[in-house]
Amino acid sequence: MTTTVNMVGDLARVVGGQRVTVTALMGTVGNPHLYEATARNVRKLVSSDLVLCSGLHLKGKVTELLEKYRLAGGFGSVQGLYDPHVWFDASLWKMAATTRKPLSAVGSVDRAISHRNTAAHLRHINSLDKEVMALVQAVPRQQRVVVTAHDALNYFGQRYGPEVRGVQGMSTAPEAGTRDIPEVARLVVQRRIPALFVKSSVPQRTIKAVVAAVRDQGHRVRVGGQLFSDALGSRGTPQGFSLGRVSHNSRAISSALRGK
-8 MTTTVNMVGD
2 LARVVGGQRV
12 TVTALMGTVG
22 NPHLYEATAR
32 NVRKLVSSDL
42 VLCSGLHLKG
52 KVTELLEKYR
62 LAGGFGSVQG
72 LYDPHVWFDA
82 SLWKMAATTR
92 KPLSAVGSVD
102 RAISHRNTAA
112 HLRHINSLDK
122 EVMALVQAVP
132 RQQRVVVTAH
142 DALNYFGQRY
152 GPEVRGVQGM
162 STAPEAGTRD
172 IPEVARLVVQ
182 RRIPALFVKS
192 SVPQRTIKAV
202 VAAVRDQGHR
212 VRVGGQLFSD
222 ALGSRGTPQG
232 FSLGRVSHNS
242 RAISSALRGK
């Protein structure tokens, strides 16, 4: 089977088990918002027995291919300006139960195994939800502000409480958001925020510009670490899995905003 973003691919592997072969079109390198399918990926889509699509506009040009070849994604697409980064609220990332339904239609999937895997995954999500809440609550309230280049953590902020500010808003275009740098720099200085964060899939130049603007105002701020938002980390690392990635981000945020 084929998925669009690798977060959905990871979910399909967890639920489907070892008998499921999953190919994610969008890997750990590159920006899925700007993704354009290659001829090789078109062949993968057309030949797959199942296509799982994240929807909410996080699939680049894949939408056109799905419509052209009349392929149906497991998560469906929603029209409008929606935030697709739902996996950062662990309580919402319970799509394992939804994923099991289309997976059950694939001949290689053992339904009993997928049912057990889904139950175990949901328990893991509930545990992660509590862990992230505790990590954020450990940060002094004044400093609970997560500043990144790309606005991908809104669900994280709504669930766990920190204020989230993306310099470029929802855009990931390199030229976006430069006019917002002075405003973000003032916020960092006023709140005495100790750290900002870069993203694995977004160039660092915007955050570095904010760091420079903050220092011009007499406040020192550092880059507190790399967060993984639109793509997972490398395979074999904790952040190479959907839930491990959320745990990694939360630990990095909590530690850096506490000045550690």
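Numbering (the numbering used here), first residue to last: -8 to 251. For glycine and all other residues, C-beta sits at the position ideal for the given N, C-alpha and C. Source: prediction; values computed, not measured.
Segment limits, beta strand (DSSP E) that includes residue i
i: residue 215; result: 213 to 218
i: residue 249; result: Note, residue 249: premise wrong, no beta strand (DSSP E); not H, not E.
i: residue 190; result: 186 to 190
i: residue 139; result: 136 to 139
i: residue 227; result: Per DSSP, residue 227 belongs to no beta strand (DSSP E) and is neither H nor E.
Reference residue i, options the options, closest by Cα
i: residue 75; options: 115, 242, -2 and 128; result: -2
i: residue 39; options: 247, 9 and -6; result: -6
i: residue 78; options: 145, -8, 207 and 5; result: 145
i: residue 134; options: 174, 153, 189 and 42; result: 153
DSSP three-state assignment for residue i, whether helix, strand or coil
i: residue 209; result: coil
i: residue 41; result: coil
i: residue 181; result: helix
i: residue -4; result: strand
i: residue 113; result: helix
i: residue 91; result: helix
i: residue 158; result: coil
i: residue 197; result: helix
i: residue 16; result: strand
i: residue 86; result: coil
Proximity below 9 Å, CB of residue i to CB of residue j
i: residue 243; j: residue 215; result: yes
i: residue 184; j: residue 248; result: yes
i: residue 245; j: residue 158; result: no
i: residue 156; j: residue 130; result: no
i: residue 225; j: residue 139; result: no
i: residue 147; j: residue 80; result: yes
i: residue 4; j: residue 11; result: yes
i: residue 8; j: residue 104; result: yes
Expected contact under 8 Å - CB spacing of residue i and residue j to nearest Å
i: residue 119; j: residue 234; result: 5 Å
Endpoints, alpha helix (DSSP H) assigned at residue i
i: residue 152; result: That residue, residue 152, is in no alpha helix (DSSP H); it is neither H nor E in DSSP.
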